[in-house]
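Undergrad:
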Amino acid sequence: MPLENKEFKPKIVAFCCNWCSYAGADLAGSSRLTYPADVKIIRVPCSCRVNPMFILRAFEKGADGVIMCGCHPGDCHYSTGNYYARRRMTLLFSMLDYLGVENGRTRVEWVSAAEGVKFSETMNSFVEKIYSLGENVRLGDLRCKS
Amino acid sequence: MQRIGVFVCHCGSNIAATVDVSKVAEMALMEPGVVHAEDYQYMCSEAGQAKIAAAIQEKGLTGIVVCSCSPRMHETTFRKAAERAGLNPYMVEIANIREHCSWIHKDMEEATKKAVILMRAAVAKVNLNTPLQAGESRVTKRALVIGGGIAGIQTALDIADAGYEVDIVEKTPSIGGRMSQLDKTFPTLDCSACILTPKMVEASAHEKITIYTYSEVEKVSGFVGDFTVDIRKKARSVDMNKCTGCGVCQEKCPSKKAPSEFNRGLNTRSAIYTPFAQAIPNVPVIDREACIKFKTGKCGICSKVCQAGAIDYEQKDEIITEKYGAIVVATGFDTINLEKYDEYAYSQSKDVITSLELERVMNAAGPTHGHLERLSDGKAPKEIVFIQCVGSRCADDRGKPYCSKICCMYTAKHAMLIRDKYPDVNVTVFYIDVRTPGKNFDEFYRRAVEQYGVNYIKGQVGKVIPQPDGKLLVQGSDLLDNRQILKEADMVVLATAIEPNPDVRKIATMLTASIDTNNFLTEAHAKLRPVESPTAGIFLSGVCQGPKDIPETVAQAGAAAVKAIGLLAKDKLMTNPCTAQADILLCNGCSTCENVCPYGAITYEDKEVNDHGIRETRRVAVVNNALCQGCGACTVACPSGAMDLQGFSNRQILAEVDAICR
Amino acid sequence: MQELINRAKELLADGTVARVLGWKAGDLPYNPEPAYFESAEELKDFVYNGFCGANLSKYMIEASKLEGKTMVCLKPCDTYSFNQLIKEHRVDREKAYIVGVGCKGKLDIEKIKKQGIKGIESIQGAEITDDAETLTIQTLYGEKTCAYADAMLERCHVCKGKEHMIFDEQIGESKETKDAERFAEVERIEAMSPEEKFAYFQSELSKCIRCNACRNACPACSCRKCVFDSNKFDSSQKANVDSFEEKMFHIIRAFHVAGRCTDCGECSRVCPQGIPLHLFNRKFIKDIDALYGEYQAGADTDSKAPLTNYTFEDAEPSIVGKRG
Amino acid sequence: MSSEKKQAEMIKEISGVNPLKCMKCGKCSATCPSYNEMDIKPHQFVSYVINEDIESLVNSKSLWKCLSCFACVERCPRDVKPGKLIDAARQVVVRQRSQDYLKADEIPELLDPELPQQLLVSAFRRYRR
């Protein structure tokens, strides 16, 4: 962690689908696999419930990174939800990149209920990335930052 | 404004060791809407639940937040506790401060801070919760089985034995399906008819089972527990109540040129026919395409010879409408068309046959009365070549990408039976892999090799060239010896890939059941819900879901029956109230949501709306709560925000986002 | 134009249509506006010239609710929007009598003004039948000229083609005007560094005054009530109080029309601030083409839209970072 | 990257073939009219490319015995196209100068007057430098 970021405590929102990733996060917990407390999880029924509005709103309110986790393609509890989510997020992330927002601030990762280790590793690497990017200044209400 | 109670659980030391629980409770009181907060050793215990109940009643709480373990663990517990205390169970939210906080963080200050934020998010959400009522829908205690093969028969018998009415709809004139066409069955070599016909008789005699043969499903509407189905009973031209099944009509019918479907077109049948001797019902059908009376108006011999007066040329198709609680699909399979595999000369030589045709040749009731002979000249073959994987495991569009699963075993069976009955016949099998997992299966295959001397060659056949003398020149490779083989054969048998019955597409569309790229019906979960369709109330039996042999089919048929019985046993279905809802004032009627719904739960209706005084008829989305599973795909697809998900509404999730980012 | 008027009169007279949806002259020589005509008498105000850029498809949503058929004049590019609206059940094909009108590229008054031509009194050469390659402009300061192509809207330089995708009859010839690459500008921005991209869009979007003209003109943005006007997302009627608001609005607007936008260019044409809003939509179109296969919204009325479709092998969102 | 690996990659690139799809069914060898002339058999081409033994492949007789009739390509159930692999291997050789199988002046005496012109043209297309 770079020294100059010592004071920087990022806000990171993780959307997790109820059936795979939220359970994966639970497994990470029961296996005591640590990841930074900066990550806060919001439970949604399926990754296809995540509206781009939610992600933009998080940034608006001062989030420094948003990650979405869902079932692996082919394993969606609702059969096809994550396929739609995948297309939506790909386009959204591409647009954010196009607008000059660092693309490391958004991520999608497929985490199954059995992948507690992957969940914790994913969160560790994502948080590390956000620390390296520093504070989100390009998106968001600048008044929140003062 | 809500009156919210926050309950922070210590979970012994699981939470309390890293999270300052009393601090969380103290901070909760500063949140909007929170009128009560406390912490306790074990919230999920009797005493903990009693504390929640007491607070609900004493403080008149309208919503509660429990800061504890994962909702996957105790959400139901706390919802029930709230319900007992008179609070709507959906006014309960859980802040997961154990798995997502105390167990993964070591620093108390940090963990406490995070727990407070998680509590805040949950409080923010509860502030926007609304009481939800689980809906109820009735269950019609009757099941429909589509397809009357072994899968359909077994499912119907199991459901009927549990005391429920079952209807079987079968497209052909008799039940029995593919299994009735088989000669012997592996690995025990019992005669297929001997084990199948008793089941057919049992089904037809069962007081709870109604069989509609020569019938097709025409239309399906409704949803789980309450389907309405139109069944087209095609005109049989024979009165089922009068016919005695004596068979004289078939004997006397002068039109005997129609290819026999039952014998795979290897011989012919009369225009009035029952597909096979043990057909159930034993009532013939007039094939109007082949019948002279129908073609020319002259003949009428069957009517003259029928002593029962059962022939009815005027009979028309009949539509039967019936209600069902559950539908089981058991539409089975067929072999693929070999048009694109001309290298095997299937269309050029009568002596190149499929394995299913060989079953008919070997069967005593078949075209050769069970004698193994060449179909071209009736001579006894001396050299038979079997080719495996014809159209299976094929990456291009000529065949199927999957393994048809049953071919290795039936080829071993055929090879063994031929060597047993005609020891002077040489049998060669060209294979890519021999796949025989299954009880006593590999032993069976090894017996064919070791005991019966079947010559197995690792390698495919490149082409079969019919020779002027009627022989078949087979050019194959032996990969183990690294040589190309040229072999003269009298007969070539192709282990043709199987594919789902082509009708299944139409049926799946009617049922809104999903189907994969190979036209197999998709199961709700590949591992954990293999006999259910993702569409509630639709169950899968047999090969319509994927290639299977008879024992697997029967096992799955039973499993599908149990799932159907589980549904029929309920008087009412409680529906998940966390379903999508369309705000008809905002709905554009654009059908985008309909296109992403995996359950066919969204339909469009023309509805009278009153939009701030403007009365008009609009095309709007309507969600069927019995079908909706609450995934939320539609909510994001909807551009106007008309579609929202109860329990996970846009505003609820945004409130959580805001609370976390505050 | 006369042919159009004559045909309109015939259709009104024989009762085929109850009204005509076209354009009438505005208060300036270069701002004709969409209008209904219900009688031969009213048709004297009918105009159709190079300034009739407005896409009338969207008006058919309301016209579909009216008694009787409406004759609607659609340029080739407008017919894509009409098809898309049919697909979304927003317009009634039976209520429309579509006259596919010829188009030789539509004009952008801003481009004329940018050439220093001011005090415009009249413009010749904008008539649709006119083959002139040059516009002759009478101004307070005398006669000025300007090449037709130099005054064309950006969208006409990347024209989708002169074929009408749907029509009942066609009147007038169309001209091929495409002389630029559709995605060239998007590619130019994609090649910038994140800092440059951010600076570029920040400067463009900060001009936004949230007048909603883009939304009102867009045929895909036809929601009965926009999410930004409803309380469904706590996002109603937000003014631009900070640098984020306009980004939120334009990203979400582009997202909501992704896979549905026909690239008709109306958003940019109507923006009073001259923000190149089509660059958002075109970015999505480019991504969709590249990731999910070529797709032109409105080319037909029954294909599956890219965002309501999927394949197992679809690209992962991480491709965004990898494309470099 | 070793030169063998490079060549294997080049063969895969030229042919557009993924040899890993091969199921070793042998249908290519079963269908090949030049099978008996070949030292390395069609189904083995695939293994040679997988094992990156391009040296043996380019020095094999098979390289020049394959007629490019594409029966193996046509019938391969896995879309592996062994014929394309050998074609690509041939490309790798002919792309190097003076590696021609035949010299131009050797050709006339090999010609059969009955030979259809078309065959000659296609042969030149294949073997020319």
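Those protein sequences? They're chains A, B, C and D, same order as listed. FYI, the numbering for the first sequence is 1 to 146, going by my numbering. FYI, the numbering for the second sequence is 147 to 808, going by my numbering. FYI, the numbering for the third sequence is 809 to 1132, going by my numbering. FYI, the numbering for the fourth sequence is 1133 to 1261, going by my numbering. A virtual CB, placed ideally from N, CA and C, is assigned to each residue, including glycine. Keep in mind the model is a prediction, meaning the values are calculated, not measured.
With a threshold of 16 other CB atoms inside 10 Å of the CB of THR1119 of chain C, please say whether the residue is buried or exposed.
TA: Sequence index remark: in the third sequence, residue 1119 of chain C carries index 311 (1-based). It counts as exposed.
Undergrad: Which stretch, first to last residue, makes up the beta strand (DSSP E) that contains TYR186 of chain B?
TA: Working through the second sequence from its first residue, we reach residue 186 of chain B at position 40. From DSSP, the beta strand (DSSP E) with TYR186 of chain B extends over 180-186.
Undergrad: Excluding the 5 residues flanking ARG1068 of chain C on each side, which residues of the same chain have their C-beta closer than 7 angstroms to its C-beta?
TA: Numbered from its first residue, the third sequence carries residue 1068 of chain C at position 260. Answer for ARG1068 of chain C: GLN892, ALA1028, ALA1105 and ALA1113, listed in chain order.
Undergrad: When you compare the CB of VAL607 of chain B with every CB in chain D, is at least one pair closer than 9 angstroms?
TA: As a working mapping, residue 607 of chain B is identified with position 461 in the second sequence. For VAL607 of chain B, the answer is yes, since a Cβ of chain D falls inside 9 angstroms of its Cβ.
Undergrad: Please decide whether ASP75 of chain A counts as near chain C, where near means a Cβ-Cβ distance under 9 angstroms.
TA: Numbered from its first residue, the first sequence carries residue 75 of chain A at position 75. Not an interface residue.
Undergrad: So PRO646 of chain B is in the alpha helix (DSSP H); what residue range does that whole segment cover?
TA: Here residue 646 of chain B corresponds to residue number 500 of the second sequence, with the count starting at 1. Note, PRO646 of chain B: premise wrong, no alpha helix (DSSP H); beta strand (DSSP E) at 644-646.
Undergrad: Return the residues of the stretch 1064-1084 of chain C that lie within a Cβ-Cβ distance of less than 8 angstroms from chain A, sorted by chain order.
TA: Within the stretch 1064-1084 of chain C, the residues whose Cβ lies closer than 8 angstroms to some Cβ of chain A are ALA1066, listed in chain order.
Undergrad: Measure the alpha-carbon distance for THR749 of chain B versus VAL370 of chain B and round it to whole angstroms.
TA: As a working mapping, residue 749 of chain B is identified with position 603 in the second sequence. As a working mapping, residue 370 of chain B is identified with position 224 in the second sequence. C-alpha separation (whole angstroms): 15 angstroms.
Undergrad: Using the three-state DSSP reduction, which class does VAL152 of chain B fall into: helix, strand or coil?
TA: For the purposes of this step, residue 152 of chain B is taken as the residue at position 6 of the second sequence. It is a strand residue.
Undergrad: For the stretch 1153-1184 of chain D, which residues have a beta carbon sitting closer than 9 angstroms to at least one beta carbon of chain B?
TA: Against chain B - using a Cβ distance shorter than 9 angstroms - the residues of the stretch 1153-1184 of chain D are LYS1153, MET1155, LYS1156, CYS1157, GLY1158, LYS1159, CYS1160, SER1161, ALA1162, THR1163, CYS1164, TYR1167, ASN1168, LYS1173, PRO1174, HIS1175 and GLN1176.
Undergrad: Measuring alpha carbon to alpha carbon, tell me which of B:ALA779, B:LEU732, B:LYS718 and B:ILE426 ends up nearest GLY746 of chain B.
TA: Within the second sequence, numbered from 1, the residue matching residue 746 of chain B stands at position 600. Among B:ALA779, B:LEU732, B:LYS718 and B:ILE426, the Cα nearest to that of GLY746 of chain B belongs to B:ALA779.
Undergrad: Does any residue of chain D have a CB that is nearer than 9 angstroms to the CB of GLU489 of chain B?
TA: As a first step, residue 489 of chain B must be located in the second sequence, where it is residue number 343. Yes, GLU489 of chain B lies at the interface with chain D (some Cβ there is under 9 angstroms from its Cβ).
Undergrad: Any beta-carbon of chain A closer than 9 angstroms to the one on PHE373 of chain B?
TA: As a working note, residue 373 of chain B is residue 227 in the second sequence. Chain A contact via Cβ: absent.
Undergrad: Is it buried or exposed for GLY158 of chain B, if we count other Cβ within 10 angstroms and need 16 for buried?
TA: The sequence position of residue 158 of chain B within the second sequence is 12, counting from 1. The residue is exposed, with fewer than 16 neighbouring Cβ atoms inside 10 Å.
Undergrad: Is the beta carbon of VAL536 of chain B sitting closer than 9 angstroms to the one on TYR490 of chain B?
TA: Counting from 1 along the second sequence, the entry for residue 536 of chain B is found at position 390. Counting from 1 along the second sequence, the entry for residue 490 of chain B is found at position 344. Yes, the pair counts as a contact, with Cβ atoms nearer than the cut-off.
Undergrad: Could you check whether the Cβ of GLN621 of chain B sits closer than 9 angstroms to any Cβ belonging to chain D?
TA: Position 475 of the second sequence, counting from 1, holds the residue named residue 621 of chain B. Closer than 9 angstroms to some Cβ of chain D, the Cβ of GLN621 of chain B qualifies, so yes.
Undergrad: Just grab the DSSP bridge partners of PHE845 of chain C for me.
TA: Taking the first residue of the third sequence as 1, we reach residue 845 of chain C at position 37. BP columns for PHE845 of chain C point to C:VAL828.
Undergrad: Since ASN756 of chain B sits in a beta bridge, which residues does DSSP pair it with?
TA: The residue given as residue 756 of chain B occupies position 610 in the second sequence. DSSP, once it has assigned bridges, lists B:ARG761 as partnering ASN756 of chain B.
Undergrad: Leaving out five residues before and five after GLY411 of chain B in sequence, what residues of the same chain have Cβ atoms less than 7 angstroms from its Cβ?
TA: Here residue 411 of chain B corresponds to residue number 265 of the second sequence, with the count starting at 1. Closer than 7 angstroms at the Cβ level, and outside the excluded window around GLY411 of chain B, lie PRO405.
Undergrad: Can you give, in chain order, each stretch of the beta strand (DSSP E) that sits fully within the stretch 856-933 of chain C and has at least 3 residues?
TA: For the stretch 856-933 of chain C, whole beta strand (DSSP E) runs of length 3 or above, ordered along the chain, are 878-882, 904-909 and 928-932.
Undergrad: Going along chain A, which residues have a C-beta under 8 angstroms from TYR1118 of chain C?
TA: For the purposes of this step, residue 1118 of chain C is identified with residue 310 of the third sequence, where counting begins at 1. The answer, in chain order, is THR80, TYR83, TYR84, ARG86 and ARG87.
Undergrad: Which two residues bound the contiguous beta strand (DSSP E) that contains CYS763 of chain C?
TA: Outside the displayed range of chain C (809 to 1132) lies residue 763 of chain C, so it cannot be described from this structure.
Undergrad: Going by DSSP, what residue range makes up the alpha helix (DSSP H) through ASN1168 of chain D?
TA: Numbered from its first residue, the fourth sequence carries residue 1168 of chain D at position 36. Note, ASN1168 of chain D: premise wrong, no alpha helix (DSSP H); not H, not E.
Undergrad: Go through its chain and collect everything with a Cβ distance to PHE794 of chain B's Cβ below 7 angstroms, but skip five positions before and after it.
TA: Locating residue 794 of chain B in the second sequence gives position 648, where the first residue counts as 1. Contacts found: CYS724 and GLY778.
Undergrad: Cα separation between ILE457 of chain B and GLU468 of chain B?
TA: The residue labelled residue 457 of chain B in the question sits at position 311 within the second sequence. The residue labelled residue 468 of chain B in the question sits at position 322 within the second sequence. Looking at the two C-alpha atoms, the distance is approximately 27 angstroms.
Undergrad: Does DSSP classify PHE369 of chain B as helix, strand or coil?
TA: Position 223 of the second sequence, counted from the start, is the residue given in the question as residue 369 of chain B. Of the three classes helix, strand and coil, the one that applies to PHE369 of chain B here is strand, per DSSP.
Undergrad: Using a Cβ distance threshold of 8 angstroms, determine whether the stretch 88-108 of chain A contacts the stretch 35-42 of chain A, with at least three qualifying pairs required.
TA: With a cut-off of 8 angstroms, the stretch 35-42 of chain A and the stretch 88-108 of chain A do not count as touching, because too few Cβ pairs lie within range.
Undergrad: Counting pairs of beta carbons, one from the stretch 1142-1151 of chain D and one from the stretch 1212-1221 of chain D, are three or more of them closer than 8 angstroms?
TA: The stretch 1142-1151 of chain D is in contact with the stretch 1212-1221 of chain D.
Undergrad: Identify the contact partners of VAL117 of chain A in chain B, using a Cβ-Cβ distance below 8 angstroms as the criterion.
TA: Along the first sequence, one-based indexing puts residue 117 of chain A at 117. Residues of chain B passing the Cβ test: none, with the nearest at roughly 13 angstroms.
Undergrad: Verify whether the separation of the beta carbon atoms of LYS903 of chain C and SER872 of chain C is less than 9 angstroms.
TA: If you number the third sequence from 1, residue 903 of chain C lands on position 95. If you number the third sequence from 1, residue 872 of chain C lands on position 64. Cβ atoms of LYS903 of chain C and SER872 of chain C: closer than 9 angstroms.
Undergrad: Identify which residue in A:ASN124, A:ASN136, A:GLY65 and A:GLY134 has its Cα closest to the Cα of LEU33 of chain A.
TA: The residue labelled residue 33 of chain A in the question sits at position 33 within the first sequence. The residue with the shortest Cα to Cα distance from LEU33 of chain A is A:ASN124.
Undergrad: How long is the line joining the alpha carbons of LEU142 of chain A and ILE243 of chain B, rounded to whole angstroms?
TA: For the purposes of this step, residue 142 of chain A is taken as residue 142 along the first sequence, with counting starting at 1. For the purposes of this step, residue 243 of chain B is taken as residue 97 along the second sequence, with counting starting at 1. The pLDDT assigned to LEU142 of chain A is 46, lower than 50, so where the model puts this residue is not dependable; a value taken from the coordinates is nonetheless given after this. LEU142 of chain A and ILE243 of chain B: Cα-Cα distance of roughly 31 angstroms.
Undergrad: What are the boundary residues of the alpha helix (DSSP H) that SER1134 of chain D is part of?
TA: Position 2 of the fourth sequence, counting from 1, holds the residue named residue 1134 of chain D. Segment: none, SER1134 of chain D is in no alpha helix (DSSP H) and carries neither H nor E.
Undergrad: Closer than 9 angstroms between beta carbons: that is the criterion. Which residues of the stretch 1199-1215 of chain D meet it against chain B?
TA: Cβ contacts with chain B: ALA1203, CYS1204, GLU1206, ARG1207, CYS1208, PRO1209, ARG1210, ASP1211 and VAL1212.
Undergrad: Could you tell me the alpha carbon to alpha carbon distance between CYS17 of chain A and LEU175 of chain B, rounded to whole angstroms?
TA: The residue given as residue 17 of chain A occupies position 17 in the first sequence. The residue given as residue 175 of chain B occupies position 29 in the second sequence. Answer to the nearest angstrom: the Cα atoms are 30 angstroms apart.
Undergrad: Can you give, in chain order, each stretch of the beta strand (DSSP E) that sits fully within the stretch 649-730 of chain B and has at least 3 residues?
TA: With a minimum length of 3 residues, the continuous beta strand (DSSP E) runs that stay inside the stretch 649-730 of chain B are 684-686, 718-721 and 726-728.
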